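S.K.: If you read the sequences in order, they're chains A and B.
Just so you know, we're using this note's numbering here: the first sequence kicks off at 88 and counts up by one.
Just so you know, we're using this note's numbering here: the second sequence kicks off at 14 and counts up by one.
Just so you know, even glycine gets a beta-carbon here, dropped at the ideal spot from N, CA and C.
The model shown is predicted, which means the values in this text are computed figures rather than measured ones.
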Amino acid sequence: MSKVPQVIRGFGVTFLSMFKKVTTEQYPEERDKYPPKPRFHGRHQLNRHPDGLEKCIGCELCAWACPADAIYVEGADNTEEERFSPGERYGRTYQINYLRCILCGLCIEACPTRALTMTNEYELADDSREKLIFTKEDLLAPLLSGMELPPHDMAPGTTAIDYYEGKVGSSPTPTTVKVGDDK
Amino acid sequence: MTVTTQTVTVTVDGVVVEVPAGTLIIRVAEMLGTAIPRFCDHPLLDPVAACRMCLVEIEGQGKPQPSCAVTVSDGMVIKTQHTSEMAEKAQAGVMEFLLINHPLDCPICDKGGECPLQNQAMTNGQGETRFEGTKRTFPKPINVSAQVLLDRERCVSCARCTRFADQIAGDPFIELLERGAKQQVGTSEDQPFDSYFSGNTIQICPVGALTSAKYRFRSRPFDLISTPTACEHCASGCALRTDVRRSTVMRRLAWDAPEVNEEWNCDKGRFAFPYTSEGRLTHPLVRDEAGNLGPASWPEALRVAAAGLAGIGKSTAVLTGGRVTVEDAKAYASFAREVLGTNDVDFRARAVSNEETAFLANHVANKPMDVTYGDLEAAKSVLLVSFEPEDESPIVFLRLRKAALSGTTKVFAVAPYTSAGLAKMKGTLLAAGPREEVSVIASAASHLSGDSVILVGERAAQTPGALTAVAELAAKTGAKLAWIPRRAGDRGALDAGLLPIDGRNTSEIVSATGSAVKGLVIGGVSPEDVDGDLLSAIDKAQFVVSLETRHTEITAEADVVLPVAVVTEKAGTFRNWEGRDRSFAAVIPTPGALSDADVLGELARELGKSLSVSDFWASATKPALKADAASTESVGNGQAVLSTWRHLLDKGSLQSGEPYLAATARVAVVRVSPATAQKLNLVDGGTATVSCCGNSASAPLIVTAGMTDDVVWLPANSEGSSLNLPSGCVVEVSQGGN
Ligand code: SF4
Ligand code: SF4
Ligand code: SF4
Ligand code: SF4
Ligand code: FES
Chain A
88 MSKVPQVIRG FGVTFLSMFK KVTTEQYPEE RDKYPPKPRF HGRHQLNRHP
138 DGLEKCIGCE LCAWACPADA IYVEGADNTE EERFSPGERY GRTYQINYLR
188 CILCGLCIEA CPTRALTMTN EYELADDSRE KLIFTKEDLL APLLSGMELP
238 PHDMAPGTTA IDYYEGKVGS SPTPTTVKVG DDK
Chain B
14 MTVTTQTVTV TVDGVVVEVP AGTLIIRVAE MLGTAIPRFC DHPLLDPVAA
64 CRMCLVEIEG QGKPQPSCAV TVSDGMVIKT QHTSEMAEKA QAGVMEFLLI
114 NHPLDCPICD KGGECPLQNQ AMTNGQGETR FEGTKRTFPK PINVSAQVLL
164 DRERCVSCAR CTRFADQIAG DPFIELLERG AKQQVGTSED QPFDSYFSGN
214 TIQICPVGAL TSAKYRFRSR PFDLISTPTA CEHCASGCAL RTDVRRSTVM
264 RRLAWDAPEV NEEWNCDKGR FAFPYTSEGR LTHPLVRDEA GNLGPASWPE
314 ALRVAAAGLA GIGKSTAVLT GGRVTVEDAK AYASFAREVL GTNDVDFRAR
364 AVSNEETAFL ANHVANKPMD VTYGDLEAAK SVLLVSFEPE DESPIVFLRL
414 RKAALSGTTK VFAVAPYTSA GLAKMKGTLL AAGPREEVSV IASAASHLSG
464 DSVILVGERA AQTPGALTAV AELAAKTGAK LAWIPRRAGD RGALDAGLLP
514 IDGRNTSEIV SATGSAVKGL VIGGVSPEDV DGDLLSAIDK AQFVVSLETR
564 HTEITAEADV VLPVAVVTEK AGTFRNWEGR DRSFAAVIPT PGALSDADVL
614 GELARELGKS LSVSDFWASA TKPALKADAA STESVGNGQA VLSTWRHLLD
664 KGSLQSGEPY LAATARVAVV RVSPATAQKL NLVDGGTATV SCCGNSASAP
714 LIVTAGMTDD VVWLPANSEG SSLNLPSGCV VEVSQGGN
């Protein structure tokens, strides 16, 4: 072996690899062939209770936990006329700045209501800074069947605690969602 | 006063210290830098040992003792949680008990992030609870007042709020009700928590049980940029802290100033700030040939203003209002006297008199600080003349109440009836309507000595002879004399020389406009405050320049409007009634925001001159003080003499935009004595209408025992009363109204 010049030996590796299976993934053509791992930290989502009320209470704990100062929240009062979440308080303004976010997930650990979780969506590129500041509308989970678009009352006879304990089911008057309406 | 203090030697955590006898253990620990956890302890409230969080071990005593209520004795050996297992365990146990019924709803609680309960649960709690039952719950929150919300689940029954209401403000409408686990803070059924100082209970509540409607859910401590500021609302001169989130003021808190407001303030100073961002002028306005007011650039506006003022020069009058800072006041003074060459300059946007001008020039202007809050506390007696401290300078009220309760000071008030404020100060009424004031002042000498203070309010200008009588009384008895105006900028304006020496006063300016006075330069003045018709004077004036922060009735009529900065945008100084300078920094640094002084400086430059900082009073000739002639207008059938002042929370323009605060304002009532009620055929509890010169107001009537006869009292420009007349007017009073 030592008689073969070093350079030939080196090209040998190259030559052999020509017969190996390639690992290049064709993006975006074959994107769906390679889904991310289930626990991949992707874009955030603001979840809803089964009847469509928002889980976020505007507590700002996520903003407080964020090491990149990527989240901006303003809380507000739920009123009799306009209720967005069970209980007294909801998040009126909610923004995540994806130019800052490092997708570390500390915010979802901080969230006391499991309002904030992360999806597997990783396509977070765009052509302006503004478009990368996601607002509450962008982040809210889609309305699934049985959900009614807030503002609306809590289910009759229930308290905020019932919602947190998962005792409230879907709304009797769900909003009909056309396919494609949900983001 | 020399205090001979006895000292005792005690040991805290092995450290031997010598401290004055009678010191509380918790204070001794503080001196050593040892923080003992606490909830109910507050240095300005009497100890109650209600929460038991501050337990420490005292050698020789079997049980842990509350360090906030036990004073040291000689040779005492104290061990805090740092060196004593007993203390540590006791504190952790208390914390566990406190948390049993606590809802732990920190995420929706305004206190979260700055909460002593959160913090001390982390430092002195045990992390785990052994309680497995169901927590006690209450409906949340309930309104203690329109502004103060109570969440009873969160209360740790520390009694800070109730002690504040009882010991400091004297409005004990919140009480601890029930006992044991059911103990809760509540209001009495028939009376809402009606206090000018209610915001302080929110600030001192060690948990989120008391929150304000205004600040509810608005932000977290880490969002806020805090700046120490001074209050712009009255002459008390409170130190405040202003918290800003993204260039918007979120809240204001009372800040520490032991020699002034201690740690308190009033609700006006705490909540009345939305005006700073409401209806603001964003650019200069100039009236064109067609008479329309339209936007203009700064150079153009300054040019037009300068050209207009140059044409009338000496026949211009300057009205600054009482909201100016010391710096702005100096600029106005120099601009008026040196640049325009006029002596027609007055800071007083209210009823004025030439007697007052002389009084202020001789007895107040530029005087060193010789009566302070401390002097009020030390005085043997304090005489109040034309001054209702609770409404007109709330911190003076708190200090006088403190002094009166401690037994050092007796308060006397020359007033038509015993107001609620006077009763809370345990004061004595020297009953006098506007017409009797002068003689009652003269006869008050028997209550005064060299250790007394006479406090005279700005309303004394409405009573001819009152200020002369007060000056004579002070000279005769040796009592110290202080003048307490209502607005924060009044004293600074006076010291800067914004007083019409050799010139016309506010009322004279208003009536001479159109003839001798051709032009007006007007700062922050509300037309309804001025005695006289300022708006029609503006109509008659040849040229009017208005320096304003917001669109007002005056800016709508002016020829040039120059927008100026509000207090949040500029740094400055207010001089309080004592003569103490209260400086503040810009809370929201705003590029392009110009203070009145900046704008006047530019205007002077445009006129080819510059502003100076000369001391006006050094060379001023002070007019001699002599009593104006008393009114001789007769009081006919169905008439009475009006006595009036404004409630603290009134219809003032700086309180706009704050509905929760407005809802806590006291509502107007009409007061007359029983004899007067009979004479005028008025029924207690009915509605009475007070009217004069086309102006009238109706309010519920309260027949007030002990009140001066032939006098009717009604608050001015306040909720339920739009009447804005000076005291001393003869008014019609009749039963009924709308
Ligand atoms: S994932 Fe991390 S960086 Fe992104 S918003 Fe959450 S806490 Fe902030
Ligand atoms: S997402 Fe969660 S942590 Fe963030 S504000 Fe809403 S409830 Fe609070
Ligand atoms: S409401 Fe607050 S201040 Fe009042 S007793 Fe309860 S915890 Fe103390
Ligand atoms: S007492 Fe006067 S200075 Fe103090 S907060 Fe109230 S209005 Fe402001
Ligand atoms: S702080 Fe001592 S008992 Fe509350």
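Going by DSSP, what residues sit across from Thr702(B) in a beta bridge?
M.R.: Taking the first residue of the second sequence as 1, we reach residue 702(B) at position 689. Per DSSP, Ser711(B) and Ser747(B).
S.K.: If you follow the beta strand (DSSP E) that His376(B) is part of, which residue opens it and which one closes it?
M.R.: As a first step, residue 376(B) is located in the second sequence; it is residue number 363 there, counting from the start. First-last for His376(B): Asn367 to His376, but that is the alpha helix (DSSP H), not the beta strand (DSSP E).
S.K.: Based on Cα-Cα distance, which residue from Pro56(B), Cys64(B) and Trp658(B) lies nearest to Asp542(B)?
M.R.: Stepping through the second sequence from its first residue, residue 542(B) is reached at position 529. Measuring from the Cα of Asp542(B), the nearest candidate turns out to be Trp658(B).
S.K.: Consider the Cβ of Arg233(B): report whether some Cβ of chain A lies at a distance smaller than 8 Å.
M.R.: Position 220 of the second sequence, counting from 1, holds the residue named residue 233(B). Taking Cβ atoms only, chain A reaches closer than 8 Å to Arg233(B), which makes this a yes.
S.K.: From the beta carbon of Phe230(B), is the nearest beta carbon of chain A less than 8 Å away?
M.R.: Sequence index remark: in the second sequence, residue 230(B) carries index 217 (1-based). Chain A contact via Cβ: present.
S.K.: What residue range is occupied by the uninterrupted beta strand (DSSP E) comprising Val32(B)?
M.R.: Taking the first residue of the second sequence as 1, we reach residue 32(B) at position 19. Taken as a continuous stretch (DSSP letters only), the beta strand (DSSP E) holding Val32(B) covers Val28 to Pro33.
S.K.: Along the segment 189 to 205 of chain A, where does the CB come closer than 7 Å to a CB of chain B? Name the residues.
M.R.: So the close ones are Pro199.
S.K.: Measuring from the CB of Ile217(B), is there a heavy atom of ligand 4 at a distance below 7 Å?
M.R.: One-based indexing of the second sequence puts residue 217(B) at position 204. No, Cβ of Ile217(B) sits at least 7 Å from all heavy atoms of ligand 4.
S.K.: Check the Cβ of Ala155(A) against every Cβ in chain B and list those closer than 9 Å, keeping chain order.
M.R.: Here the question's residue 155(A) lines up with position 68 in the first sequence. Per Cβ cutoff of 9 Å: no residues; Ala155(A) is ~14 Å from chain B at best.
S.K.: Using a cut-off of 7 Å between C-beta atoms, extract the partners of Glu140(A) located in chain B.
M.R.: Your numbering for residue 140(A) matches position 53 in the first sequence. Looking at the sequence shown, residue 140(A) is not Glu but Leu. The contacting residues do not exist; Leu140(A) stays about 15 Å from chain B at best.
S.K.: Check each residue's C-beta against every heavy atom of ligand 5 and list, in chain order, those closer than 7 Å.
M.R.: With the cut-off at 7 Å, the residues found are Ile39(B), Arg51(B), Phe52(B), Cys53(B), Asp54(B), Ala62(B), Ala63(B), Cys64(B), Arg65(B), Met66(B), Cys67(B), Pro79(B), Ser80(B), Cys81(B), Ala82(B) and Cys171(B).
S.K.: Can you give me the start and stop residues for the alpha helix (DSSP H) that Lys107(A) sits inside?
M.R.: Start at 1 with the first residue of the first sequence, and residue 107(A) comes out as number 20. Element bounds for Lys107(A): n/a, residue is neither H nor E.
S.K.: Using 8 Å as the limit for Cβ to Cβ distance, is Ile121(B) near chain A?
M.R.: Looking up residue 121(B) in the second sequence gives position 108. Answer yes: the Cβ-Cβ gap between Ile121(B) and chain A drops below 8 Å somewhere.
S.K.: Name the residues in the segment 157 to 169 of chain A whose C-beta lies less than 8 Å from a C-beta of chain B; which are they?
M.R.: Listed by position along the chain: Glu161, Gly162, Ala163 and Asp164.
S.K.: Quick check: the Cα distance between Gly750(B) and Val724(B), rounded to an integer number of angstroms?
M.R.: The residue you call residue 750(B) lines up with position 737 of the second sequence. The residue you call residue 724(B) lines up with position 711 of the second sequence. Roughly 19 Å between the two C-alpha positions.
S.K.: Would you mind working out which of Cys188(A), Leu203(A) and Pro229(A) sits nearest Tyr209(A), comparing C-alpha positions?
M.R.: In the first sequence, the residue the question calls residue 209(A) occupies position 122. If we check each option's Cα against that of Tyr209(A), Cys188(A) comes out closest.
S.K.: Could you confirm whether any beta carbon from chain B is found closer than 8 Å to the beta carbon of Glu224(A)?
M.R.: Translated into positions along the first sequence, residue 224(A) becomes position 137. No, no contact with chain B.
S.K.: Does any residue of chain C bring its CB to less than 8 Å from the CB of Glu147(A)?
M.R.: Of the protein chains in the structure, A and B, none is chain C.
S.K.: Give a yes or no on whether the minimum CB-CB distance between Arg135(A) and chain B is below 8 Å.
M.R.: What you label residue 135(A) is simply residue 48 of the first sequence in a count that begins at 1. For Arg135(A), the answer is no, since every Cβ of chain B falls outside 8 Å of its Cβ.
S.K.: Below 7 Å, is the gap between the Cβ of Asn213(B) and the nearest heavy atom of ligand 4?
M.R.: Against the second sequence, residue 213(B) aligns to sequence position 200. Not under cutoff, so the answer is no.
S.K.: Would the beta-carbon of Cys246(B) be found less than 7 Å away from any heavy atom of ligand 4?
M.R.: Stepping through the second sequence from its first residue, residue 246(B) is reached at position 233. According to the sequence shown, residue 246(B) is His rather than Cys. At least one heavy atom of ligand 4 is nearer than 7 Å to the Cβ of His246(B), so yes.
S.K.: In three-state terms, what does DSSP make of Val91(A)?
M.R.: As a first step, residue 91(A) must be located in the first sequence, where it is residue number 4. Val91(A): coil per DSSP, three-state reduction.
S.K.: Looking at C-beta atoms only, is the number of pairs between the segment 354 to 373 of chain B and the segment 449 to 464 of chain B that lie closer than 8 Å three or more?
M.R.: With a cut-off of 8 Å, the segment 449 to 464 of chain B and the segment 354 to 373 of chain B do not count as touching, because too few Cβ pairs lie within range.
S.K.: Nearest to Pro672(B) by alpha carbon, out of Gly35(B), Lys281(B) and Val69(B)?
M.R.: Counting from 1 along the second sequence, the entry for residue 672(B) is found at position 659. Closest option to Pro672(B), Cα to Cα, is Lys281(B).
S.K.: For Lys270(A), which three-state DSSP category applies?
M.R.: As a working note, residue 270(A) is residue 183 in the first sequence. Confidence at Lys270(A) is low in this model, with a pLDDT of 42, below 50, so the placement of that residue should be treated as unreliable; the coordinate-derived value is given next. Lys270(A): coil per DSSP, three-state reduction.
S.K.: Can you determine whether any heavy atom of ligand 3 sits closer than 7 Å to the C-beta of Val13(B), and answer yes or no?
M.R.: Nothing can be reported for residue 13(B): it is not among the residues displayed for chain B, which extend from 14 to 751.
S.K.: Could you tell me which whole alpha helix (DSSP H) segments of length 4 or greater appear in the segment 533 to 604 of chain B?
M.R.: As far as the segment 533 to 604 of chain B is concerned, its whole alpha helix (DSSP H) runs of at least 4 residues are 547 to 553 and 566 to 570.
S.K.: Using the Cα positions of Leu253(B) and Gly73(B), report the straight-line distance between them to the nearest angstrom.
M.R.: Within the second sequence, numbered from 1, the residue matching residue 253(B) stands at position 240. Within the second sequence, numbered from 1, the residue matching residue 73(B) stands at position 60. Going by the C-alpha atoms only, they are around 45 Å apart.
S.K.: Are at least three pairs of beta-carbons, each pair with one atom in the segment 623 to 635 of chain B and one in the segment 333 to 352 of chain B, less than 8 Å apart?
M.R.: Taking 8 Å as the limit for Cβ pairs, the verdict is that the segment 333 to 352 of chain B does touch the segment 623 to 635 of chain B.
S.K.: When DSSP builds the beta bridges, which residues end up paired with Met205(A)?
M.R.: Taking the first sequence and counting its residues from 1, the one referred to as residue 205(A) is at position 118. Beta-bridge pairing links Met205(A) to His131(A).
S.K.: Compute the Euclidean distance between the alpha carbons of Ile215(B) and Gly354(B), then round it to the nearest angstrom.
M.R.: As a position in the second sequence, residue 215(B) is number 202, starting the count at 1. As a position in the second sequence, residue 354(B) is number 341, starting the count at 1. Between Ile215(B) and Gly354(B), the C-alpha separation is close to 51 Å.
S.K.: If you measure from the beta carbon of Ile144(A) to each beta carbon in chain B, is any gap under 8 Å?
M.R.: Position 57 of the first sequence, counted from the first residue, corresponds to residue 144(A). It does; some Cβ of chain B falls within 8 Å.
S.K.: Return yes when the Cβ of Lys153(B) is within less than 8 Å of the Cβ of Val220(B), no when it is not.
M.R.: Position 207 of the second sequence holds residue 220(B). Position 140 of the second sequence holds residue 153(B). No, the pair does not count as a contact, with Cβ atoms beyond the cut-off.
S.K.: Can you pull the chain B neighbours of Gly174(A), defined as C-beta to C-beta under 7 Å?
M.R.: Taking the first residue of the first sequence as position 1, residue 174(A) is located at position 87. Within chain B, the residues near Gly174(A) are Ile121.
S.K.: Quick check on this structure: which residue in Phe52(B), Glu70(B), Ser232(B) and Leu560(B) has the alpha carbon closest to the alpha carbon of Ala172(B)?
M.R.: As a first step, residue 172(B) is located in the second sequence; it is residue number 159 there, counting from the start. If we check each option's Cα against that of Ala172(B), Phe52(B) comes out closest.
S.K.: Check each candidate in Leu130(B), Pro287(B), Asp236(B) and Phe177(B) and name the one with the smallest Cα separation from Lys227(B).
M.R.: Within the second sequence, numbered from 1, the residue matching residue 227(B) stands at position 214. Ranking the options by Cα distance to Lys227(B), first place goes to Pro287(B).
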